[in-house]
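Quick note on numbering: the numbering used here labels position 145 of the sequence shown as 550, and the sequence is numbered without any gaps.
No residue lacks a Cβ here, since even glycine has one placed at the ideal position from N, Cα and C.
Since the structure comes first, as structure tokens, the remarks are kept for the end.
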Amino acid sequence: MKMTWRWFGEGNDSISLQYIKQIPGVEGIVWSLHDIPAGEKWPEERIKATVNQITAAGFNAEVVESVNIHDAIKIGLPERDQYIDNYIDTIEKLAKYGVKVICYNFMPVFDWVRTDLYRQDEDGSNALFYEKALAERNPKELIADVLKGAGEFTMPGWEPERLASIEQLFDAYSEVDEDTLTENCRYFLERIMPSCEKHGLKMAVHPDDPPWPIYGLPRIVRSAEHIRKYLKLVDSPCNGLTFCTGSLGASGENDLLSMASEFHDRIHFAHLRNLKRNEQGDFIERSHRTEDGDVNLTGLVRLFHEKGFEGYLRPDHGRHIWGEEKTCRPGYGLYDRALGVMYLMGLWDAFKKESKNETE
Ligand code: DNO
């Protein structure tokens, strides 16, 4: 297991690499070039500069989250070939600079969806919250609320320029059902896989967050059955999974332990976090501790350890605590994620010692 931390880049994150270095156990930085629009080639000079900056601070730069996929590829428009060529160009360059895993998603229009970025919890902390009844209201209101909550920060998957034409985007997807989206995904994967295989670079699709269709848009990475199908679209180790417990765990129907056990050899990256669901289908993000939510992180870390997981792992969203609210990116502050690292490392170290039968 290699512990990593998501960092949004110089001038684009409230946390410095120097601070991240003080969190025990973090070996790698999960990065991206967030200002490059989906579909464009990533400039080599920018890749080189970012990788150099990260390695100079004492981290590996082996995981990128995300290289986003242009809507034309998901919709299956004729211009998709050009965008796929651009994607391959970026893969080639990232491989040249030592990138081993690319996390991406295949969700139409929206990436993750929440209805409140600062929902107060019982202990006075606040966190990202999803209220089912509110999520299907006028998408323009939802977008306005999320962007307002983000304040000065840009949020991946919530690009104001792209979402400004939400009606056209919905229209463009009107003919795309689950089968079409799956076939468009197969087309994309078949074209990029030779390049990934040549470099041993693993693609790790992020599950749908939340794991159900939103606004009638199809979602194809949301249950064991969907993931089974996805991994067979191209049955290659390079077509793998980001195992995100917060996304998959928002549905009580997903048995995370059995999913992690079934797909473990195709899991290249794990996002571990906890959440608490209620009967209405709402959920709030919680501390990483198993007792604080519905996700059995203890059991999952045990399983990852038993399976000899050698991939990358990161704490996922944190709550906003100790006055950090609105001074950091929603869900991506320092304190609660650092607590998450320590919890996950603590579990890992305990299982490691146990398996070696060490007592000291
Ligand atoms: C949210 C993240 C997602 C994730 C993408 C991967 O905080 O987990 O935005 O990065 O879905 O492409």
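Residues bridged to residue i (per DSSP)
i: Val506; result: Val468 and Lys607
i: Asn679; result: Arg691
i: Lys407; result: Tyr717
i: Trp436; result: Val469
i: His725; result: Asn531
i: Gly645; result: Ala609
i: Gln685; result: DSSP lists no partner for Gln685.
i: Asp521; result: Phe534
Close beta carbons around residue i, own chain, < 8 Å, minus the five adjacent residues each side
i: Gly745; result: Leu677, Arg678, Ser692, His693, Pro720, Asp721 and Gly723
i: Lys537; result: Gln685, Gly686 and Asp687
i: Cys643; result: Met598, Cys601, Glu602, Gly605, Leu606, Lys607 and Met608
i: Thr455; result: Gly414, Trp436, Leu438 and Ala466
i: Asn589; result: Ile478, Lys479, Ile480, Gly481, Arg485 and Val581
i: Lys757; result: His710
i: Leu662; result: Asn701, Gly704, Leu705 and Leu708
i: Gly503; result: Val456, Asn465, Ala466 and Glu467
Same chain only: Cβ atoms within 6 Å of residue i, ignoring 5 sequence neighbours per side
i: Ala629; result: Met664
i: Ile420; result: Leu739
Close-in-space but distant-in-sequence residues of the same chain around residue i (CB under 7 Å, 5 per side omitted)
i: Ala743; result: Ile428
i: Arg627; result: Pro612, Asp613, Pro616 and Trp617
i: Glu748; result: The residue asked about is misnamed: residue 748 is Tyr in this sequence, not Glu. Around Tyr748: His693 and Arg694.
i: Leu622; result: Pro513, Val514 and Tyr578
i: Lys498; result: Trp447, Glu449 and Ile452
i: Thr460; result: Ala466
i: Asp697; result: Asn679 and Arg691
i: Tyr488; result: Gly444, His475, Ala477 and Ile478
Which listed residue (the options) has its alpha carbon closest to that of residue i
i: Ser471; options: Val506, Met598, Lys757 and Lys498; result: Val506
i: Ala540; options: Met608, Glu595, Tyr592 and Asp614; result: Asp614
i: Ile496; options: Met608, Arg519, Asn465 and Lys553; result: Met608
i: Gly751; options: Asn457, Val581, Ile726 and Thr703; result: Thr703
i: Glu557; options: Leu482, Asp697, Asp418 and His475; result: Asp418
i: Gly651; options: Trp447, His631 and Ile689; result: Ile689
i: Arg671; options: Gly728, Lys634 and Arg596; result: Lys634
i: Glu564; options: Pro642, Ile548, Asp584 and Ser666; result: Ile548
i: Tyr523; options: Asp440, Phe709 and Gly554; result: Gly554
i: Ile619; options: Val518, Pro599 and Gly698; result: Val518
i: Gly654; options: Arg682, Val504 and Phe668; result: Arg682
i: Ala755; options: Asp584, Ile441, Asn457 and Glu711; result: Glu711
i: Asn531; options: Cys733, Ile489 and Asn510; result: Cys733
i: Gln359; options: Asn473, Glu445 and Ile434; result: Coverage of the chain is limited to positions 406 through 765, which leaves residue 359 absent and any answer about it impossible.
i: Trp727; options: Tyr717, Tyr535, His669 and Gly529; result: Gly529
i: Gly430; options: Asn762, Cys649 and Trp753; result: Trp753
i: Gly736; options: Asp494, Glu715, Thr559 and Tyr509; result: Thr559
i: Ile441; options: Tyr492, Gly463 and Leu422; result: Tyr492
i: Ile625; options: Ile489, Glu583 and Met408; result: Glu583
i: Phe534; options: Cys508, Arg596, Val551 and Arg591; result: Val551
i: Gly657; options: Ser760, Leu568 and Asp699; result: Asp699
Min CB distance residue i to chain E below 8 Å
i: Val551; result: Going by chain labels, chain E is absent from the structure shown, which holds only one protein chain.
beta-carbon residue i near ligand 1 non-hydrogen atom, thresh 7 Å
i: Asp741; result: no
i: Gly713; result: no
i: Ser419; result: no
i: Trp517; result: yes
i: Pro561; result: yes
i: Cys508; result: yes
i: Cys649; result: yes
i: His722; result: yes
i: Glu690; result: no
i: His693; result: no
i: Gly645; result: no
i: Ser471; result: yes
i: Gly416; result: no
i: Gly654; result: no
i: Gly736; result: yes
i: His631; result: no
i: His475; result: no
i: His439; result: no
i: His676; result: yes
Residue i CB to nearest heavy atom of ligand 2 below 7 Å
i: His611; result: Within the structure as shown, ligand 2 is missing, the only ligands being ligand 1.
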